[in-house]
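The listed protein sequences derive, respectively, from chains A and B. The numbering of the first sequence is our numbering, which starts it at -2 and goes up by one. The numbering of the second sequence is our numbering, which starts it at 1184 and goes up by one. All C-beta atoms in this analysis are idealised placements derived from N, C-alpha and C, irrespective of residue type, glycine included.
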Amino acid sequence: ETGVTQTPRHLVMGMTNKKSLKCEQHLGHNAMYWYKQSAKKPLELMFVYNFKEQTENNSVPSRFSPECPNSSHLFLHLHTLQPEDSALYLCASSPSGLAGYTGELFFGEGSRLTVL
Amino acid sequence: EDQVTQSPEALRLQEGESSSLNCSYTVSGLRGLFWYRQDPGKGPEFLFTLYSAGEEKEKERLKATLTKKESFLHITAPKPEDSATYLCAVDGAGSYQLTFGKGTKLSVIP
């Protein structure tokens, strides 16, 4: 299996829908991340989890709700999104996010989200 | 606040035409500088980590170098399969997260 797997790869949703993105890592890492990638913009960090505990929330609107049940799985629950939330959502993992040092990130292939 | 600027925004090369991509950065206490490759519709793929000025790393046709203010990704005799967007990121002691540049989109024409 590939290191970091994301599902679904593509998602189209209306503004009133509720959906979830799933991420699973098979690398034995302790830190997991959600990033947002929009055209012409740098990658934007959304959330960080270390050992299942959320350590960073980068001022993300509450319509995005993360969940990390264990060190291998990460979810991003979506509800009442706006068209400007359309983007590629990337999950990543790293060996450890302790002491604030990220190290190399290993990314999944992303979930392309379109909000109508 | 850490900052990363990549140039050029886009680069078009003929197959075999060597060139360099630039990543200029400002950071308080560099803990690491990272290069990634991203193919269309896919997540970034890790290439290199550089930790201190003067360090160099190589992988196939790619060579990354680091100074106190910038990093270069040198591409020697590129092939069409090297076409991708190359991202640079820094991890600074004063920040809790990686700071990414916008990337350089490289196109290698046969």
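Closer than 9 Å to chain A by CB, residue i
i	result
Phe1217 of chain B	yes
Pro1191 of chain B	no
Tyr1208 of chain B	no
Leu1296 of chain B	Limits of chain B in this structure are 1184 at one end and 1293 at the other, which puts residue 1296 of chain B out of reach.
Lys1240 of chain B	no
Thr1287 of chain B	no
Cutoff 6 Å; reference residue i; Cβ partners in own chain excluding five residues on either side
i	result
Thr114 of chain A	Missing from the structure shown is residue 114 of chain A; chain A here goes from -2 to 113 and no further.
Beta strand (DSSP E) segment containing residue i, residue limits
i	result
Phe1217 of chain B	1213 to 1221
Gly1275 of chain B	1267 to 1275
Glu53 of chain A	50 to 54
Lys1225 of chain B	Premise fails: Lys1225 of chain B is in no beta strand (DSSP E) and is neither H nor E.
Ser68 of chain A	Per DSSP, Ser68 of chain A belongs to no beta strand (DSSP E) and is neither H nor E.
Ser1278 of chain B	No beta strand (DSSP E) holds Ser1278 of chain B; DSSP gives it neither H nor E.
Chain-order list of residues whose beta-carbon lies under 8 Å from that of residue i (same chain, five-residue window excluded)
i	result
Met10 of chain A	Lys16, Leu75, Leu78, Leu110, Thr111, Val112, Leu113
Leu1281 of chain B	Phe1217, Ala1272, Val1273, Asp1274
Strand pairing of residue i, partner residues [DSSP]
i	result
Lys1288 of chain B	B:Ala1193, B:Thr1268
Glu1200 of chain B	None, per the DSSP bridge assignment.
Glu1150 of chain B	What is shown of chain B runs 1184 to 1293, which leaves residue 1150 of chain B out entirely.
Beta-carbon proximity of residue i to residue j, cut-off 9 Å
i	j	result
Ala28 of chain A	Ser91 of chain A	yes
Leu1256 of chain B	Lys1246 of chain B	yes
Ser1290 of chain B	Ala1193 of chain B	yes
Thr1287 of chain B	Pro1191 of chain B	yes
Phe1283 of chain B	Pro39 of chain A	yes
Gln1221 of chain B	Cys1206 of chain B	no
Minimum Cβ-Cβ distance from residue i to chain B less than 9 Å
i	result
Val1 of chain A	yes
Gly107 of chain A	yes
Gly100 of chain A	yes
Contacts around residue i, its chain only, beta-carbon distance under 7 Å, and the 5 residues preceding and following it disregarded
i	result
Phe61 of chain A	Met43, Leu73, Leu75
Ala84 of chain A	Lys33, Gln34, Ser35, Leu110
Glu106 of chain A	Gln3, Arg6
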